[in-house]
Amino acid sequence: MTVAGASYSINHNRIRRGLYPGFELKEDGTLILDPREGIHMLYLRAIDAGEEKASWGRLRFQVSCSEDMVYYLYAAAFDQDSFYRRQQPVPIEDFLCDAQESRAIKRQFLQEAGFARYTSQKDILLYELQGRYLYLVLEVQGEGQFSMRGMRVDRQGDPFMNTFPEVYREKGGFFHRYLSVFSSLYLDFQEKIDHVAELLDIDTAPVELLPTFGRWMGLDVSGDFLNEDRLRLLVREAYQLNRIKGTKAVLQRVSEIILGEKVIILEKNVMREN
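When we follow the numbering used here, the leftmost residue of the sequence shown carries the number 535, and every step to the right adds one.
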């Protein structure tokens with residue numbers, strides 16, 4: 535059973551199992567709008583909380599969108615994973631992810647099933663949703679460039695709500711919505727604190743920090759003359775290279791990292807002897 539506080543990442547595999555007409559899916563899970571298509575939708579299969587009447591928390595993703603475009607996020611949670619259609623049970627996720635079903639029929643289903651709609655929001659509180667299965671649909675309208683990645687939803691809920699008397703704990707009420715602003719800020723800070731160790735790891739640190747790490751070890755890598763992969767490799771080996779500085783070996787290794795090719799160094803004294 536999945537407990538409250540769990541977090542679900544909408545990664546490449548989860549998106550691939552859904553339906554995304556009008557988008558191109560990259561290996562890192564980024565969805566990029568295909569301007570040649572007129573319809574741009576994302577239908578995801580159900581996220582299973584593992585228990586009935588599950589409460590849902592916060593939905594976030596990173597988005598890059600042209601000013602003339604608008605996107606809608608539809609969300610709903612149910613304890614049942616199917617509905618009756620023509621007197622036959624039909625799994626909701628199979629219906630939404632069926633490429634043969636028309637968009638108009640699916641839109642009608644979203645309305646009749648009571649899906650909540652959020653307009654051009656990338657940080658959404660789902661506190662009013664309750665149910666084992668969470669369904670998410672994304673629709674993009676307009677012309678321009680659009681990309682989305684890093685979608686994640688959790689079941690943490692509001693960390694401050696239980697600290698107040700029960701009379702204040704009205705879900706979705708004014709006080710709850712007001713408090714959620716500070717809860718979101720608190721959770722963002724807490725997430726950064728929990729992952730602060732990653733800032734000191736060469737493999738996971740933001741690329742903007744790598745020149746600083748290089749300076750700590752006496753290596754100037756400023757100037758954007760290296761791509762990210764080569765920069766990480768150079769900084770990762772900086773300590774060992776610093777220990778053998780002034781030698782042929784360090785010159786050869788640094789040249790190989792920068793050029794991405796095997797290097798042969800010809801020394802003048804060796805050439806004279808031969």
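Idealized CB from N, CA, C, for every residue including glycine. All figures in this text were calculated on a predicted structure; none of them were measured in a lab.
Alpha-carbon to alpha-carbon, residue 667 and residue 674: 24 Å
Please list, in chain order, all residues of the same chain as residue 624 whose beta carbon is under 7 Å from its beta carbon, the five residues on each side excluded. 616 and 617
So, helix, strand or coil for residue 623, using DSSP? strand
Counting beta carbon pairs with one atom in the segment 605-614 and one in the segment 698-707, are three or more of them shorter than 8 Å? no
Touch test, the segment 563-574 against the segment 711-729, Cβ-Cβ under 8 Å, three pairs minimum: no
Thinking just about the alpha-carbon of each residue, which of 757, 679, 731 and 728 is nearest to the one in residue 742? 757
Any heavy atom of the ligand FMN within a distance shorter than 7 Å of the CB on residue 673? In the structure shown, the ligand FMN is absent, as is every other ligand, since no ligand is present at all.
Environment of residue 749 [buried if 16+ CB atoms lie within 10 Å]: exposed
On the three-pair Cβ rule with 8 Å, is the segment 552-563 touching the segment 647-660? no
Look up residue 651 in the DSSP assignment and say whether it is helix, strand or coil. strand
Near residue 694, what residues of its chain come up, given a Cβ to Cβ distance below 6 Å and the 5 sequence neighbours on each side ignored? 713 and 717
Cβ shell of residue 762 (< 7 Å), same chain only, five flanking positions each side left out: 741
Burial state of residue 687 (16 or more Cβ within 10 Å): buried
Can you tell which of 734, 543, 767 and 635 has its C-alpha closest to the C-alpha of residue 619? 635
Check residue 748 in the structure and name its three-state DSSP category. helix
List in chain order: all unbroken alpha helix (DSSP H) runs of 4+ residues lying wholly within the segment 663-731. 708-728
Based on Cα-Cα distance, which residue from 772, 651 and 580 lies nearest to residue 606? 651
Sequence ranges, alpha helix (DSSP H) only - wholly within the segment 561-648, length at least 4: 626-630 and 637-646
To the nearest whole angstrom, what separates the beta carbons of residue 663 and residue 590, a pair I think is in contact under 8 Å? 5 Å
Would you identify the three-state DSSP class for residue 544, choosing helix, strand or coil? strand
Mapping DSSP to helix, strand and coil, what is residue 778? coil
Report buried or exposed for residue 798, applying the criterion of at least 16 other Cβ atoms within 10 angstroms of its Cβ. exposed
Reduced DSSP secondary structure (H/G/I, E/B, other) of residue 659: strand
If we ignore side chains and look at the alpha-carbon of each, how far apart do residue 583 and residue 544 end up? 14 Å
Neighbourhood of residue 789 by C-beta, 6 Å cutoff - its chain only, sequence neighbours within 5 removed: 797
N-terminal and C-terminal residue of the beta strand (DSSP E) that residue 559 is part of: 557-559
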